[in-house]
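A.B. asks:
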Amino acid sequence: MIECDSRCKPNLLKLLHFYNIRKKVSISEEPSIQALSSFKPSEEELNFPYALFVKMDPRPVRGWSWRMLAPLDAVPKPDDSSINNEAHYKRVRYCLGLPEGAAEFKANDGLPLEANADICFGISFNKGCYVGQELTARSRFVGVIRKRIAPVVFKLPVDPSSIPIESPIYRISSSNNTLIGNRPVGWVRGIEDPLVDSSKQQVGLALLRMAECAEAISKGDHLWVDASGAAAPVSAGSIIGSSRNRIVYPFAPFWWEDNIAVGIPRMANPLSEAIPSSPC
2 MIECDSRCKP NLLKLLHFYN IRKKVSISEE PSIQALSSFK PSEEELNFPY
52 ALFVKMDPRP VRGWSWRMLA PLDAVPKPDD SSINNEAHYK RVRYCLGLPE
102 GAAEFKANDG LPLEANADIC FGISFNKGCY VGQELTARSR FVGVIRKRIA
152 PVVFKLPVDP SSIPIESPIY RISSSNNTLI GNRPVGWVRG IEDPLVDSSK
202 QQVGLALLRM AECAEAISKG DHLWVDASGA AAPVSAGSII GSSRNRIVYP
252 FAPFWWEDNI AVGIPRMANP LSEAIPSSPC
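At position 106 of the sequence shown (counting the first as 1) the number is 107 in my numbering, and the numbers step up by one without a gap.
1) Could you tell me which uninterrupted beta strand (DSSP E) segments, each at least 3 residues in length, are contained entirely in the segment 36-62, listed from first to last along the chain?
2) So, with DSSP's three-state summary, where would you put F19?
3) Among K10, K24, F40 and K41, whose alpha-carbon lies nearest the alpha-carbon of E30?
4) Quick check on M2: buried or exposed, where buried means 16 or more other Cβ atoms within 10 Å of its Cβ?
5) Could you give the DSSP three-state label for G102: helix, strand or coil?
6) I166 and V145 look like a contact to me (Cβ under 8 angstroms); what is the Cβ gap, rounded to whole Å?
7) If we count the other Cβ atoms within 10 Å of its Cβ and call it buried at 16 or more, is N117 buried or exposed?
8) Less than 8 angstroms between the CB atoms is what I'm expecting for P61 and A151, so what's the real figure, rounded?
9) Have a look at the DSSP bridge pairing and note the partners of H223.
10) Among D222, Y90 and Q203, which one has its Cα closest to the Cα of I181?
11) Which residue from N12, V226 and F19 puts its Cα closest to that of N109?
12) Excluding the 5 residues preceding and the 5 following N85 in the sequence, name in chain order all residues of the same chain whose CB lies nearer than 6 angstroms to its CB.
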C-alpha cells in the first residue's frame, strides 16, 4: 500500500500502470482507507483493533510522529482539538524541514536530493537501475547539493493566500534595499497559517540555494519574497518598502549534519514544545 497526496492519485496510478507492463500485479485506488498521524500515540491508539498499520514515522527524526492506516468508518471524525493538532503537525514538520505533498515537492518537476530524499531514507544508492538514477547518483558522487528544501521564518505575520507557492525569494541589500544579483536565491514551498500565539513567529518551507543564502546571512542582507507573480525579476531600486512582512530568515533543521548547510543558523528542536496527543 502506498500513501500519497490525494491530488497525485490519478497521475500515480497512471504511472504505476505504465511501468507494470505485463506483470500480473493488480494496482488500484483504495478509497476506504485513511492515513492518520499522531505525535504521542496512546496505548489505545497503538493497539487500535481496526488499524491496518501503526508504525513510527520512518523519516530521520525518530519518534517525532506515528503513522496509522485505518478504515474510514473506524475512526471518529476529527474534533476541534484534532484540527488544532493538524496545524501543530504542519508547524513541527516545517521546523524539521520535512516536505510533504505535491506542492511542497513540486510534483513532476522537483529533484529527490533537493527535497532531502537522500537524508530522509527516500533513495537507495544500492538498488539497480531506476528512472533518474544517473543524475541522482552523479549529484551524490560530486557531494554538492546546491539547493535544498529548508525551514524559513517570516519577519512579520503574513496571509498565506497572499503569497503563491513558488513565489521567488530574492537577496536584497540591507544598506539600500536594492536587488543583489538577477536570479532568485529560493522559492516558497509552503506557509503555515497565522499563529494565535503572538510570541511565536510564522514558519514556512522554501527551496533555497544554500550557499547564496549563507552568504546573504554573513553580509547581513535581507531575503525577500516577491509575491507579485511577475515572470521577470524585481527591478532595482527601493524594493522592500512597506512589505517587510515578506522578509524571511532561512534556517537548517536541528538534525541536519554540519556539512549540509554551512553558514545557515539552526532551527530549535520543535519537539521540545508541548505537543497534543490526539491524531490528525
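Glycine included, each C-beta is placed from N, C-alpha and C at the ideal position.
C.D. replies: This is what the structure gives:
1) For the segment 36-62, whole beta strand (DSSP E) runs of length 3 or above, ordered along the chain, are 54-57.
2) In the structure shown, F19 falls within a helical segment according to DSSP collapsed to helix, strand and coil.
3) The shortest CA-to-CA distance from E30 to any of K10, K24, F40 and K41 is the one to K10.
4) Exposed, since its Cβ has fewer than 16 Cβ neighbours within 10 Å.
5) If DSSP states are grouped into helix, strand and coil, G102 belongs with the helices.
6) Not a contact, Cβ separation roughly 26 angstroms.
7) Buried: at least 16 other Cβ atoms inside 10 Å.
8) With 8 angstroms as the limit, P61 and A151 do not qualify as a contact, their Cβ atoms being about 14 angstroms apart.
9) Looking at the DSSP output, H223 sits in a beta bridge with I173.
10) Across the set D222, Y90 and Q203, the C-alpha of D222 shows the shortest separation from the C-alpha of I181.
11) Nearest neighbour of N109 by Cα position, chosen from N12, V226 and F19, turns out to be N12.
12) Bear in mind that a pLDDT of 48 at N85, under 50, signals an unreliable position, so the number given afterwards is only what the model happens to contain. Within the same chain, N85 has no close Cβ partners at all.
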